[in-house]
Amino acid sequence: MPLEIMTVPCLSDNYAYLLHNSDSGQTALVDAPEAPPILAALKSRGWTLTDILITHHHWDHIDGVEQLKDETNARVIGAAADAHRLPPLDVAVSEGDSVEICGESADIIDVSGHTVGHIAFHFPNSNAVFTADSLMALGCGRLFEGTPEMMWESLSKLAALPAETVVYSGHEYTVSNAKFAQTIEPDNSGLILRIEAVTKARDAGKPTVPSLLSEELATNPFLRAALPEVKKAVGMDQASDTDVFAEIRRRKDNF
């Protein structure tokens, strides 16, 4: 059976995720922006936290780890390459590793770009990937530490996952991402429909995350940089995929 996944809104626009195996009673957390809403969510479900998965070192993804560790003694898992600036890790992982979480194997993917050492957790049996600030709904993370080459490589790895994979990203940025995406492909019919759905969801106070990878492949300009129609749209018909991605990211930074 796939894991039960619960979205936990944190801070002003962050998301944390609880993953639960009802057979074993194990519960894992992906990222810990702050402890109180996560503890409240655990209490409301009667779940006991067994694992904390960290995607990257930014404060709004790790600030709750210490309190959650103190209160639950959960195992903390994060990137070996980032261990020097993460909370103390019980398990350090690298790309290509698999680790058992809630009775299911999770594959580790290096998705450096937003930061160097950022990782994603892919749960093939549950058709879920937790991407935090790498691939986001209709967007991707700003390149604070990495290069366009790094981020394009990272996004290409994620794009190669099965199209039915559900993408759990770290923030509610979809409305602003959608407005930008429309500047790149204003005539993309799938994007137009998605913008309508995103607007309706936010007007109703509902989250727009997670999203299907198939949706991202059809509408997210950062995943579509290799397509001839997108290269033409940005006036870079003969440019490399990486250069087109870099131009789209530059435009978003100035949007």
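Under the numbering used here, the residue at position 141 of the sequence shown is numbered 167, and the numbers go up by one with no gaps. A virtual CB, placed ideally from N, CA and C, is assigned to each residue, including glycine.
Taking His140 as reference, the option from Ile103, Thr157, Ile88 with the minimal CA-CA separation is Thr157. Residue environment analysis places Pro62 among the exposed positions, since fewer than 16 neighbouring C-beta atoms fall within 10 angstroms of its C-beta. Only residues of its own chain outside the window of five on either side were considered, and among them Ser124 have a CB closer than 6 Å to the CB of Ser131, listed in chain order. Scanning its chain for C-beta atoms nearer than 6 Å, with the 5 sequence neighbours on each side dropped, one finds around Ile134 the residues Val119, Glu121, Asp123, Ile145, in chain order. Checking the DSSP bridge columns, you'll see Leu79 partnered with Val56, Ile103.
Within its own chain, the residues whose Cβ lies closer than 6 Å to the Cβ of Val137, once the five positions on either side in sequence are excluded, are His144, Ala146, Ser160, Ser180, listed in chain order. Here the alpha carbons of His110 and Val102 stand approximately 14 Å from one another.
Under a 10 Å Cβ-count criterion, Thr74 is classified as exposed, with fewer than 16 other Cβ atoms of the shown protein chains found around its own Cβ.
Per DSSP, the unbroken beta strand (DSSP E) holding Thr157 starts and ends at 154 to 158. Scanning the stretch 88 to 138 for uninterrupted alpha helix (DSSP H) segments of 4 residues or longer gives 91 to 98, listed from N- to C-terminal end.
As for any beta strand (DSSP E) of minimum length 3 sitting wholly inside the stretch 166 to 231, the runs are 192 to 195, ordered along the chain. Look at the beta carbons and you see the stretch 257 to 277 touching the stretch 171 to 187: at least three pairs across the two are nearer than 8 Å. Counting only residues of its own chain and dropping the five nearest sequence neighbours on each side, Ile221 has a CB closer than 6 Å to the CB of Ala204. Here Lys257 is buried: its Cβ has 16 or more other Cβ atoms, across all protein chains shown, within 10 Å. Partner residues in the beta bridge of Val34, as assigned by DSSP, are Ala42.
DSSP places Ala146 inside the beta strand (DSSP E), whose first and last residues are 145 to 149.
Scanning its chain for C-beta atoms nearer than 6 Å, with the 5 sequence neighbours on each side dropped, one finds around Pro236 the residues Val192, Val193, Tyr194, in chain order. Judged by DSSP secondary structure, Thr234 falls outside any alpha helix (DSSP H); it is assigned neither H nor E. Residue burial annotation: Gln264 is exposed, with fewer than 16 other C-beta atoms found within 10 angstroms of its C-beta.
A Cβ-Cβ separation of about 6 Å places Asp86 in contact with Asn40 under the 8 Å criterion. By DSSP's assignment, Leu161 forms a beta bridge with Cys166. Check the Cα spacing between Ala42 and each of Thr53, Thr76, Pro59: the tightest is with Pro59. The beta carbons of Leu239 and Leu169 sit about 21 Å from each other, so the pair does not count as a contact at 8 Å. Sorting Asn153, His84, Ala67, Ser202 by C-alpha distance to the C-alpha of Leu112 places His84 at the top. Between Leu94 and Ile64 the beta-carbon gap is near 6 Å, inside 8 Å, which marks them as a contact. Secondary structure at Thr141: coil, using DSSP grouped into helix, strand and coil. Selection Thr98, Gly90, Ala54, Asn99 evaluated against Asp77 yields Ala54 as nearest (Cα-Cα).
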